[in-house]
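S.K.: Under the working numbering, residues 984 to 1171 are what the first sequence spells out, in order.
Where is the CB? At the ideal position from N, CA and C, for every residue including glycine.
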Amino acid sequence: MLTVAPECLGKVLVVQRPDGVAAGRIVEVEAYRGPEDRAAHSFGGRHTARNHSLWCAGGVAYVFLVYGLHWHLNLVTGLEGEPQAVLIRGVEPLLGLELMRQRRGPLRDEHALTSGPGKLARAFGVARDLDGAAFTSETLFLLDGPRLPAKRSARIGVDDAGAWARRPWRYFVAGSPWVSRARTSAAG
DNA sequence: TTAAGGATCTCCT
DNA sequence: GGAGATCCTTAAA
984 MLTVAPECLG KVLVVQRPDG VAAGRIVEVE AYRGPEDRAA HSFGGRHTAR
1034 NHSLWCAGGV AYVFLVYGLH WHLNLVTGLE GEPQAVLIRG VEPLLGLELM
1084 RQRRGPLRDE HALTSGPGKL ARAFGVARDL DGAAFTSETL FLLDGPRLPA
1134 KRSARIGVDD AGAWARRPWR YFVAGSPWVS RARTSAAG
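Given below as structure tokens:
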């Protein structure tokens, strides 16, 4: 999974919805590795209705809601019974710009369209009905792209996870304006 | 059935 | 740089 995460950078995420198609190049991801990873939803080996998709064989989507407002899109990468996933945090829009703007509403900063996990999920129309969907379906799939140079840093939003929070399991493309802004400036 | 908390975003200063 | 929004999931009685 730690090898899969950097390989995701540069790939193109495509989501087809009834109201249109959206596509973008992945420029930022985070790796989560349960059940040891305290920051992961699967920490402790908990297999619940919510994170069921995490335990499926790799290649499906794990979609969940945080703070009652924001959806997050993960790519499950483990074997069946091994909860491992890559969280997609930032993409560079390629197709469906108009559609994304519609779904996101008026923005002060053009780059805010997809520069964050909650933002891109909304821009791409990702919601609960995509949870468990295969990444090879017509609705949701990945295209190969040029391998981009990955930089690493600590993950974001997992401060209370102790040493696990400091693991450099966030991979991003340095210099891309579509990378979400880390609260703690990226090391490296 | 109830209570508590969360892998964030946005606006305002 | 700081605080509020908002609803789903989980655990306990």
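Tell me where the beta strand (DSSP E) around residue 1056 begins and ends.
M.R.: Counting along the chain, the beta strand (DSSP E) containing residue 1056 begins and ends at 1053 to 1059.
S.K.: Could you have a look at residue 1132 and say whether DSSP puts it in helix, strand or coil?
M.R.: In this structure, residue 1132 counts as coil in the three-state DSSP scheme.
S.K.: When you compare each of 1133, 1154, 1126, 990 to residue 1006 by their alpha carbons, which one comes out closest?
M.R.: Among 1133, 1154, 1126, 990, the Cα nearest to that of residue 1006 belongs to 1126.
S.K.: Around the C-beta of residue 1049, are 16 or more other C-beta atoms found within 10 angstroms, so that it is buried, or is it exposed?
M.R.: So residue 1049 counts as exposed.
S.K.: Under the three-state reduction of DSSP, which class applies to residue 987: helix, strand or coil?
M.R.: Residue 987: helix per DSSP, three-state reduction.
S.K.: Can you tell me whether residue 1006 is helix, strand or coil according to DSSP?
M.R.: Strand, per DSSP.
S.K.: By DSSP, does residue 1118 sit in helix, in strand, or in coil?
M.R.: Note: residue 1118 maps to coil in three-state DSSP.
S.K.: Between residue 998 and residue 1122, which are expected to be in contact by the criterion C-beta below 8 angstroms, what is the C-beta distance as a whole number of angstroms?
M.R.: Confirmed, Cβ separation roughly 7 angstroms.
S.K.: For residue 1060, count neighbouring C-beta atoms within 10 Å of its own C-beta (all shown protein chains included) and say buried if the count is 16 or more, exposed if not.
M.R.: Buried: at least 16 other Cβ atoms inside 10 Å.
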